[in-house]
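Numbering (the UniProt record's numbering), first residue to last: 1 to 133.
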Amino acid sequence: MPVTLMHAFFFTHSTYQFLMWLSLGTLFLHQLEEYRSPGTFPAMLNRVMFKSDHPLYYPLNTNTALVINVGIGWLSYFLAAVFAERFLWLGLATILVSCGNVVAHLLMFNVKAKSFYNAGMATSIFLFAPCTF
Numbered sequence: 001m002p003v004t005l006m007h008a009f010f011f012t013h014s015t016y017q018f019l020m021w022l023s024l025g026t027l028f029l030h031q032l033e034e035y036r037s038p039g040t041f042p043a044m045l046n047r048v049m050f051k052s053d054h055p056l057y058y059p060l061n062t063n064t065a066l067v068i069n070v071g072i073g074w075l076s077y078f079l080a081a082v083f084a085e086r087f088l089w090l091g092l093a094t095i096l097v098s099c100g101n102v103v104a105h106l107l108m109f110n111v112k113a114k115s116f117y118n119a120g121m122a123t124s125i126f127l128f129a130p131c132t133f
């Protein structure tokens, strides 16, 4: 049974649609790194990019992260995978967001924070970059 399900998933989708599903999975892992393990992304973003006096709560807090990541991110990446070639523009938009994450995590955040690593950088390098470039 698992082999049949695996065959149905891998061989009934176009390469493009498979890439969109893969991209959704990389987004989940990227957000896991940012918000859970190590999970330091919100405080870093608030402190470094926004110079917040309350880096644990403002401007990126639990509510704004939920709206941005689940309401916009997950939904966009999911719809891009489901509709694939029918909504190419949506797939292109999600790929551009992933490219932006690579640039932001590799250059922008590290230069501004004067650091070597930031939460989200590993998945940007090892997951987003291969899926987008």
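We treat Cβ as the ideally placed atom computed from N, Cα and C, and that holds for glycine.
Applying the criterion that 16 or more other CB atoms from any shown protein chain within 10 Å of the CB defines a buried residue, is Gly39 buried or exposed?
The count along the sequence shown starts at 1 and reaches residue 39 at position 39. When all chains shown are included, Gly39 counts as exposed.
Extent of the continuous alpha helix (DSSP H) to which Thr15 belongs:
Working through the sequence shown from its first residue, we reach residue 15 at position 15. Where Thr15 is concerned, the enclosing alpha helix (DSSP H) stretches over 15-35.
Would you grab the beta carbon distance between Asn69 and Gln17 for me? Rounded to a whole angstrom, and I think it's under 8 angstroms.
Position 69 of the sequence shown, counting from 1, holds the residue named residue 69. Position 17 of the sequence shown, counting from 1, holds the residue named residue 17. No, Asn69 and Gln17 are not in contact; Cβ-Cβ is about 23 angstroms, not under 8 angstroms.
Check whether the segment 114-124 and the segment 76-92 are in contact - that is, three or more C-beta pairs closer than 8 angstroms.
no
Specify the secondary structure class of Ser76 as computed by DSSP and reduced to three states.
For the purposes of this step, residue 76 is identified with residue 76 of the sequence shown, where counting begins at 1. Three-state DSSP puts Ser76 in a helix.
Cα-Cα separation, Leu66 to Ser14:
Here the question's residue 66 lines up with position 66 in the sequence shown. Here the question's residue 14 lines up with position 14 in the sequence shown. Their Cα atoms are separated by approximately 31 angstroms.
Drop a sphere of 10 angstroms on the beta-carbon of Phe126, count the other beta-carbons inside from all chains shown, and report buried for 16 or more, exposed for fewer.
In the sequence shown, the residue the question calls residue 126 occupies position 126. Phe126 is exposed by the Cβ-count criterion.
Along the chain, where does the alpha helix (DSSP H) containing Ile95 start, and where does it finish?
Locating residue 95 in the sequence shown gives position 95, counting from the first residue. Counting along the chain, the alpha helix (DSSP H) containing Ile95 begins and ends at 88-103.
Just to confirm before moving on: does the CB-CB distance between Ala81 and Met20 stay below 8 angstroms?
Counting from one through the sequence shown, the residue named residue 81 turns up at place 81. Counting from one through the sequence shown, the residue named residue 20 turns up at place 20. It is a contact, given that the beta carbons lie within the stated cut-off.
Going by beta-carbon coordinates alone, are Pro42 and Leu29 separated by less than 8 angstroms?
Indexing the sequence shown from 1 puts residue 42 at position 42. Indexing the sequence shown from 1 puts residue 29 at position 29. Not closer than 8 angstroms, so no.
Can you tell me which of Phe109, Asn101, Val111 puts its alpha carbon nearest to the alpha carbon of Thr123?
Numbered from its first residue, the sequence shown carries residue 123 at position 123. Taking only the C-alpha atoms, the option nearest Thr123 is Asn101.
Can you give me the start and stop residues for the alpha helix (DSSP H) that Val111 sits inside?
Stepping through the sequence shown from its first residue, residue 111 is reached at position 111. Its alpha helix (DSSP H) spans residues 109-113.
Bounding residues of the alpha helix (DSSP H) (the contiguous stretch that carries Leu66)
Looking up residue 66 in the sequence shown gives position 66. Counting along the chain, the alpha helix (DSSP H) containing Leu66 begins and ends at 62-66.
Can you give the Cα-Cα distance for Phe128 and Leu107, rounded to whole angstroms?
For the purposes of this step, residue 128 is taken as the residue at position 128 of the sequence shown. For the purposes of this step, residue 107 is taken as the residue at position 107 of the sequence shown. If I take the Cα positions, the gap works out to 15 angstroms.
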